[in-house]
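The listed protein sequences correspond, in order, to chains X and E. Counting with our numbering, you get residues 1 to 212 for the letters of the first sequence. Counting with our numbering, you get residues 1001 to 1212 for the letters of the second sequence. First up is the structure itself, then whatever we jot down about it.
Number of protein chains: 2
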Amino acid sequence: MLAASTPTGTLHPVTTAARPYHHGNLREALLRAGERALEAGGAENLSLRELAREVGVSHAAPRRHFPDRQALLDALALSGWERLGATLEAAVLAAGDDFDARLLGLARAYVDVATRHPALVALMFATKHQAGASPALAAAGERALAPALAAVADGQAAGAVVPGDPEQVAIVAFAALQGLVALASNGMLDDTPLTAMLDDVVERLVLGLRPR
Amino acid sequence: MLAASTPTGTLHPVTTAARPYHHGNLREALLRAGERALEAGGAENLSLRELAREVGVSHAAPRRHFPDRQALLDALALSGWERLGATLEAAVLAAGDDFDARLLGLARAYVDVATRHPALVALMFATKHQAGASPALAAAGERALAPALAAVADGQAAGAVVPGDPEQVAIVAFAALQGLVALASNGMLDDTPLTAMLDDVVERLVLGLRPR
DNA sequence: ACCTGAACACCGTTCAAGT
DNA sequence: ACCTGAACACCGTTCAAGT
């Protein structure tokens, strides 16, 4: 009875265990629903009104937490970058000190995330550097990719990688992965198992990046 | 007066030089306006009603030529694949018989198209293999990429490229380009000139693809 | 054969007003 | 501080009807 949804006219200080008058946790609920919607239909099919309906508030309620649709997308991308950064960091740690092993570990970790959450990763990259993106978002992207940069720099110091701006070298390597994932997401790899292809790509990357 | 827009009650058999009653060329006009809209704001911001307004017909008129929005996007992608195919073919012919030169030529041609028409290229890949895509579209994509496949196969025959399924080898190379273009489109290359980076990527690709 | 106009069910965004 | 309801200007899609 107390937990029912009829507003019984009693005052409700700030917190109640029952169904929400003020919902109490709307921001988090919208983000969770948003991530589901993202994976279900991509960023361009995400509807704020639909999220509000799912969560059980009026269509104008999200505005308190996200001024517009883009703000919600930015928040989703930000959280994605933060989780990716942690994943890449863990991959480097698990791989030990060898450059080839690190590159393989990073590649596998990234491809794993990108194939399990393709729409989120697409959103992350689309949002990161676009005109008028929030500085916080760009910074989160930089932080997330820092482990890969550091691995390249270490590889150069150990003589396993061609010299030059680590960022440029890393981008060359990263581009190949990014492209592979894009092709996989678009179904262009058909029957070829992604993991097999991935190891092949990484092997050729290592060869291509070795000093001559 | 005759060319004015007021319908003067006279009958108009089928063709008139004045302003259109039936427009006469609506399909082409929509495609042209669609390509402009695509480059201006990406596929997800393309509005059928806006195209109809630009072209000067009612919002329901496009339906005769394109049953829905996706049909217009498919037609744009199809024309993009056809033009890309011709461009890649020309690049191979211009590059002569050497594998390295062909790969560089193909890469430059593709990157040129992809940077000048990023939204169109994104649409092409997004549409090519998606669930329920028209077979004609998939076939056009295959045809467009055939010159690159052939170049790889020739390279293998000449001993310049690792053996194996040419499609798989081509995909590895193509993935790197695709990724590079994606990064460039997203502004992640910052100040680095794309052409310089491109030549570097191709050089490393050649190295990575060489038989050991 | 090709196009119009009105209608329907959706959007994102805004703003006064409620508790 | 947080949310609602009504309103506005847009969509894509459908369908009868016009020429």
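All C-beta atoms, glycine included, are put in the ideal place defined by N, C-alpha and C.
How many angstroms separate the CA atom of E/P1007 from the CA atom of E/A1139? Model confidence at E/P1007 stands at a pLDDT of 34, short of 50, so the residue's coordinates are unreliable; what they give is reported in the following sentence. Distance between the alpha carbons of E/P1007 and E/A1139 is about 45 Å.
Looking at chain X, is there any beta carbon in it that lies within less than 8 Å of the beta carbon of E/L1011? For E/L1011, the predicted structure reports a pLDDT of 34, less than 50, and the residue's modelled location is therefore unreliable. A value from the coordinates is still provided. No - not a single Cβ of chain X is within 8 Å of the one on E/L1011.
Whole-angstrom Cβ separation of X/A133 and X/L38, contact assumed at under 8 Å? Between X/L38 and X/A133 the Cβ distance is about 17 Å, and since that is not below 8 Å, they are no contact.
Return the CA-CA distance between E/G1024 and E/A1043, expressed in angstroms with no decimal places. Between the alpha carbons of E/G1024 and E/A1043 lies a distance of about 26 Å.
Cβ atoms of X/L103 and X/A229: under 8 Å apart, would you say? Outside the shown range of chain X (1 to 212) lies residue 229 of chain X, about which nothing can therefore be said.
State the start and end residues of the unbroken alpha helix (DSSP H) segment that holds E/D1154. Counting along the chain, E/D1154 sits inside the alpha helix (DSSP H) bounded by residues 1135-1157.
Quick one: what's got a C-beta closer than 7 Å to E/G1034's C-beta in the same chain, skipping five residues either side? Spatial neighbours of E/G1034 in its own chain (CB-CB distance under 7 Å, excluding positions within 5 residues in sequence) are listed in chain order as L1046, L1051, L1072, L1076.
Using only the alpha-carbon positions, how far apart do E/P1093 and E/A1109 sit? Reading off the sequence, residue 1093 of chain E comes out as Leu, not Pro. Computed Cα separation, rounded: 12 Å.
Can you find a CB in chain X that lies within less than 8 Å of the CB of E/V1201? True, the Cβ-Cβ gap to chain X drops below 8 Å.
Pick from E/P1067, E/A1148, E/A1144 that is closest to E/G1252, judged by C-alpha positions: Missing from the structure shown is residue 1252 of chain E; chain E here goes from 1001 to 1212 and no further.
Less than 8 Å separating the beta-carbons of E/L1198 and E/A1107? Note that the C-beta distance between E/L1198 and E/A1107 is below 8 Å.
Near-chain E residues of the region 157-177 of chain X - C-beta to any C-beta below 8 Å: The residues in question are Q168, I171, V172, F174, A175, A176, L177.
Is the beta carbon of E/L1137 sitting closer than 8 Å to the one on E/D1074? With respect to E/D1074, E/L1137 sits close: the two C-beta atoms are nearer than 8 Å.
Please report whether the beta-carbon of X/R102 lies at a distance below 8 Å from any beta-carbon of chain E. False, the Cβ-Cβ gap to chain E never drops below 8 Å.
Mind checking whether E/A1184 and E/L1205 have CB atoms under 8 Å apart? Taking 8 Å as the Cβ cut-off, E/A1184 and E/L1205 do not qualify as a contacting pair.
According to DSSP, is E/G1009 part of a helix, a strand, or is it coil? Since pLDDT at E/G1009 reaches only 30, below the 50 mark, its modelled position is unreliable, and the value read off the structure follows with that caveat. Note: E/G1009 maps to coil in three-state DSSP.
With distances taken Cα to Cα, identify the nearest neighbour of E/A1091 among E/H1059, E/A1157, E/V1113. Looking at the Cα atoms, E/V1113 is the closest of the given residues.
Between which two residues does the alpha helix (DSSP H) harbouring X/E28 extend? For X/E28, the enclosing alpha helix (DSSP H) begins and ends at 26-41.
Element boundaries [alpha helix (DSSP H), containing E/G1079]: According to the sequence shown, residue 1079 of chain E is Ser rather than Gly. Run containing E/S1079: 1069-1095, per the alpha helix (DSSP H) assignment.
Mind checking which residues open and close the alpha helix (DSSP H) that includes X/T195? Annotation for X/T195: the continuous alpha helix (DSSP H) segment containing it runs 194-209.
Under 8 Å, Cβ to Cβ, is there at least one residue of chain X near E/L1207? It does: the Cβ of E/L1207 has a partner Cβ on chain X nearer than 8 Å.
Return the Cβ separation of E/R1143 and E/G1179 in integer angstroms, given the expectation that the two are a contact with Cβ distance under 8 Å. At roughly 23 Å, the Cβ-Cβ gap does not stay under 8 Å, so E/R1143 and E/G1179 are not in contact.
For a contact defined as C-beta to C-beta under 9 Å, what are the partners of E/M1124 on chain X? By Cβ distance, chain X contributes nothing, its closest Cβ being about 10 Å from E/M1124, past 9 Å.
From this set, E/P1135, E/V1169, E/G1141, which residue's C-alpha is nearest E/A1151's C-alpha? Relative to the Cα of E/A1151, the nearest Cα in the group E/P1135, E/V1169, E/G1141 belongs to E/V1169.
Would E/P1211 pass as an interface residue toward chain X - the criterion being a Cβ-Cβ separation below 8 Å? Taking Cβ atoms only, chain X never reaches closer than 8 Å to E/P1211, which makes this a no.
Count the other CB atoms, across all protein chains shown, that sit within 10 Å of the CB of X/T127; report buried if there are 16 or more and exposed otherwise. So X/T127 ends up on the buried side.
In three-state terms, what does DSSP make of E/D1098? Note: E/D1098 maps to coil in three-state DSSP.
Pull up the distance between the alpha-carbon of E/V1121 and that of E/L1145, whole angstroms please. Using only the alpha carbons, I get a separation of about 13 Å.
Got a sec: does the ligand ATP put a non-hydrogen atom nearer than 7 Å to the Cβ of X/Q178? Summarising the ligand content, the structure contains no ligands, and the ligand ATP is consequently not present.
Cut-off 8 Å between Cβ atoms - residues of its own chain near X/E89, not counting five sequence neighbours on either side: Contacts found: P147.
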